[in-house]
Amino acid sequence: MATRIHTCPLCEATCGLRIEVEDNRVLSIRGDDEDVFSRGFLCPKAAGLKALEEDPDRLRRPLVRRDGELREATWAEAWHVVEEGLAPVLEQHGRNAVAVYLGNPSAHNLAANVYAPAFLKALGSQNVYSASTVDQMPKQVSAGLMFGAGLSVPVPDLDRCEHLLVLGANPLVSNGSLMTSPNARGRIRAIRKRGGKVVVVDPRRTRTAEEADEHHAVVPGTDAHLLLGVVHTLFAEGLVDLGAAAPHVAGLDAVEQLAGDFTPERVEPVCGIAAGEIRRIAREFAAAERAACYGRIGTCTQEFGTLASWLIDVVNTLTGNLDREGGAMFTRAAAGQRNTAGPPGVGKGIRIGRWQSRVRGLPEVFGELPVVCLAEEIETPGDDRVRALITVAGNPVVSTPQSERLDRALGELDFMVALDIYVNETTRHADVVLPGPSPLARSHYDLALYQLAVRNVANYSPPALEPEPDLEPEWRTLLRLTAVVTGQGADADIDAIDDFVIDTLIQRAAADEQSPLSGRDPAEVRAELGERRGPDRALDLLLRAGPYELTLDQLEQSPHGIDLGPLAPRLPEVLRTPSGKVELAPEQVVADVERLRASLERTRNGHLVLVGRRHLRSNNSWMHNLRPLVKGKDRCTMHVNPADAERLGLVDGAQARLTSAGGTVEAPVEVTDAIRAGVVSIPHGWGHDVPGVRLDVARAHAGVNSNVLSDGSLFDPLSGNAVLNGIPVDVTPA
Ligand SMILES: Nc1nc2c(c(=O)[nH]1)N[C@H]1C(S)=C(S)[C@@H](COP(=O)(O)OP(=O)(O)OC[C@H]3O[C@@H](n4cnc5c(=O)[nH]c(N)nc54)[C@H](O)[C@@H]3O)O[C@H]1N2
Ligand SMILES: Nc1nc2c(c(=O)[nH]1)N[C@H]1C(S)=C(S)[C@@H](COP(=O)(O)OP(=O)(O)OC[C@H]3O[C@@H](n4cnc5c(=O)[nH]c(N)nc54)[C@H](O)[C@@H]3O)O[C@H]1N2
Ligand code: SF4
Ligand SMILES: [Mo]
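FYI, in my numbering the residues of the sequence shown are 11 to 744.
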């Protein structure tokens, strides 16, 4: 028996695991008490990793469609079919005819972090989509415009904060997002223990709200109204004090003007929170010694997602909490962070809208198009129509809007390749499925999430298990795909392409005057990187080029991680805006406030609105095939307030029918006063009972796909992010 230390790759919390292994099998998984960040904390999903290893439905060999059926094949056969499928599309219809969708697990996967960008660059298609536009894109846009880089997202300094204002996030269940904080529950409880205050704004009384001092059941989609009411109050009552950030902030007067007519009385009927309460929220936040305002899915996946995301950091800034200890701070990551590269304090900022989607004309953001456009780009005839799709660890048929339409559209593709470990609602449409090793059978480092952590931390895990014999590492699959789309063919020398990728990274570091590798001879640097190949070598380089000048050897010698200390102030060095200032009132955002102002006049039409929710034992759509995580009570139920239930004749335990512009689903009713009247909630990620899906356990707990109800017409215009919360629905007994 051996003990392996590995970081859990399932969510953003990066918990350390202690795994007992025998004969390449997992005996048990516990929390790693010595982990410098998670200190033994674990959630129930970690046990799912053992079940995932053992899951007979997890793919161990490539699949190729023959006579309409996905059948096991050799890698050589699979690659032959990939070449035969992609080449004609590229030749006859060009690069844009091949679309890519990157799913959420690729954000937690070092291979994808390093090699997906290389593949996308080689492909050169404008039709790139990802789970980001059903998730955090509004925050990336607002942070990009304010601070100059899309991942310069201030995170609450949870461990020193004394007042936490949470909007549209449920960290006690999600374990934190855009706020890497293992044991978020313990860290949030500690705020109250040290005499601080936690305030939650959410249409549902969530587990986080249950443990807070205050809960405000906001009307879905109106956080921007509420926050402008707060901003108005801060100015009106002379509570604005930028603190140490003051010399670095531009646009203060513009913000004051924008907030001018958003009095608490004016926004009260829209957001459903009394004017007096809004004033008190503002006063208490301003009065707190160290306060942080934080928002997540609920504030992003809504009509005013970018405005709400922006206003969260406006509130932090106006009260002197931006970049202050115990406030909202910028992480200083050990590797790969855009805002530690290049000249400090100034940069090119971000550009959005460099191209538009062909059918609806929605703008590009950070190199991708909004996923609400994907179905129409496949369906609509014309030049640049999407005819082939490559998915990488994604399940858009369940996770993105207008599911039924997208499902049909995937059936119309000329060719589809899925890099995935399951045949699910999306990958059942593929012509070829290319599986990779399980998460425990590959090395791990959270390149993205350590940029958003509540402490500066670096932790690398070597593989805890040997990969199963027929599984290619995903980095090699991504590079082989790169070879195919660049015409080198699947038999190309993958190691040579890897050398090219690493040389590009070395040259970039050598050309950066701030980098510890500045001016170094690239060949010499490559030699120093030694025998490692693939993502490990790339990580070693990024660590050496990073602000702590670490090496992968050092990380390997510290299996429980290296703690690089609490967050420290980074203004103005962190900024990459052209002005070298925090842009408190970016032009595009200011222009969008008009839309918000117009919405003040909107009258409600009596529709119920649908919001989502997450469950501790569930992870988006893909872990429902793991028995330990799905056993027990049915989770895919519709929550409804008792008053609505009575009015509509809905009975607890009976079925309800929900109809929207997007479609109809039926779900069991759960009557609960934990949800605001006028709002119903169904979790996303379910609906597994469809033909061709190979998920035996999930099929037995199928649930319904809530994204059937979103019709794809609703999105946040600045970021293109889908509206997934606040969808008008009619509900009747079924
Ligand atoms: N209504 C509603 N919809 C939502 C949300 C919501 O709150 N409400 N939330 C949205 C959010 S935040 C997100 S992030 C998206 C998620 O959207 P997606 O990323 O599209 O969906 P997932 O369910 O995460 O699917 C992950 C896929 O990756 C595969 N996979 C898992 N591990 C690996 C691996 O190691 N390698 C490979 N190659 N494949 C792997 C799984 O089999 C599955 O097919 O859903 C969004 N959809
Ligand atoms: N257990 C578990 N953990 C997860 C995941 C999972 O599926 N399961 N998914 C992971 C992923 S990909 C992500 S992105 C994160 C998400 O992390 P969180 O955002 O913390 O998680 P959610 O539970 O989606 O919380 C969103 C909350 O917003 C509320 N809400 C809905 N509409 C509105 C609104 O208009 N305004 C306000 N103020 N609130 C609103 C919902 O009621 C819900 O409580 O979680 C991650 N962690
Ligand atoms: S909280 Fe997230 S990282 Fe920690 S054990 Fe659970 S799923 Fe894994
Ligand atoms: Mo997400």
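Don't be surprised by glycine CBs; every beta carbon is placed ideally from N, CA and C.
query                                                                                                                        : result
Contact belief for Val241 with Val265 at Cβ below 8 Å, rounded distance in angstroms                                         : 7 Å
For Gly282, the three-state DSSP class (helix, strand or coil)                                                               : coil
Proximity test, Cβ basis, 8 Å: Arg612 and chain C                                                                            : Of the chains in the structure shown, none is chain C; there is only one protein chain.
Cα-Cα separation, Gly308 to Ile322                                                                                           : 13 Å
CB contact flag (Ile201, Glu172, <8 Å)                                                                                       : yes
Within 8 Å, strictly: CB atoms of Val31 and Gly571                                                                           : no
Rounded distance between the beta-carbons of Leu175 and Ala301, thought under 8 Å                                            : 7 Å
Continuous beta strand (DSSP E) stretch holding Arg14: start and end                                                         : Ala12 to Thr17
Leu462 beta carbon near ligand 3 (any heavy atom closer than 7 Å)                                                            : no
Cut-off 8 Å between Cβ atoms - residues of its own chain near Leu161, not counting five sequence neighbours on either side   : Gln150, Ala153, Gln347, Arg348, Asn349, Ala458, Gln461 and Leu462
Under 8 Å between C-beta atoms of Asp65 and Leu636                                                                           : yes
Proximal residues to Val252 (C-beta, below 6 Å), its chain only, five neighbours per side dropped                            : For clarity, residue 252 is Leu in the given sequence; the question names Val instead. These residues qualify, in order along the chain: Val259 and Gly330.
Same chain only: Cβ atoms within 6 Å of Pro596, ignoring 5 sequence neighbours per side                                      : Leu155
Alpha-carbon to alpha-carbon, Pro391 and Leu581                                                                              : 50 Å
Span separating the alpha-carbon of Ser723 from that of Asp212                                                               : 24 Å
Cβ neighbours of Gly371 in the same chain (closer than 6 Å, five flanking residues each side left out)                       : none
Local Cβ density within 10 Å of Asn106, reported as buried at 16 or more and exposed below that                              : buried
Beta-carbon contacts of Val718 that lie in its chain and below 7 Å, excluding the five residues immediately before and after : Ser413, Glu414, Gly672, Gly673 and Val675
Closest Cα partner of Gln517 within the set Asp505, Ala533 and Ala506                                                        : Ala533
Asp42 burial status per 10 Å Cβ neighbour count (16 or more: buried)                                                         : buried
Local conformation of Ile198 per DSSP, three classes                                                                         : helix
Test item: CB-CB of Val739 and His617 under 8 Å                                                                              : yes
Inter-residue spacing [alpha-carbon to alpha-carbon] between Gln524 and Ala344                                               : 14 Å
Distance cut-off 7 Å: Asn651 Cβ against heavy atoms of ligand 4                                                              : no
DSSP-derived helix/strand/coil call for Ala302                                                                               : strand
Residue interval of the alpha helix (DSSP H) (run including Ile507)                                                          : Ile504 to Ala521
Stretch pair the segment 375-393 + the segment 92-102: three plus CB contacts closer than 8 Å                                : no
Nearest-angstrom Cα separation, counted from Pro447 out to Pro477                                                            : 6 Å
Ala684 CB to nearest heavy atom of ligand 2 below 7 Å                                                                        : no
Same chain, Cβ closer than 6 Å to Val229, neighbours up to 5 away in sequence not counted                                    : Cys281 and Gly282
Cβ-heavy atom distance, Asp509 to ligand 2, below 7 Å                                                                        : no
Whole-number beta carbon distance between Asn629 and Lys55, since they are thought to touch under 8 Å                        : 6 Å
Selected residue, minimal CA-CA separation from Tyr125, among Asn615, Ser631, Ala578 and Leu549                              : Leu549
As assigned by DSSP and simplified to three states, the class of Leu20                                                       : coil
Which of helix, strand or coil DSSP assigns to Gly135                                                                        : Going by the sequence as given, residue 135 is Ser instead of Gly. Coil, per DSSP.
Pair within 8 Å by beta-carbon distance, Gly336 and Gly736                                                                   : no
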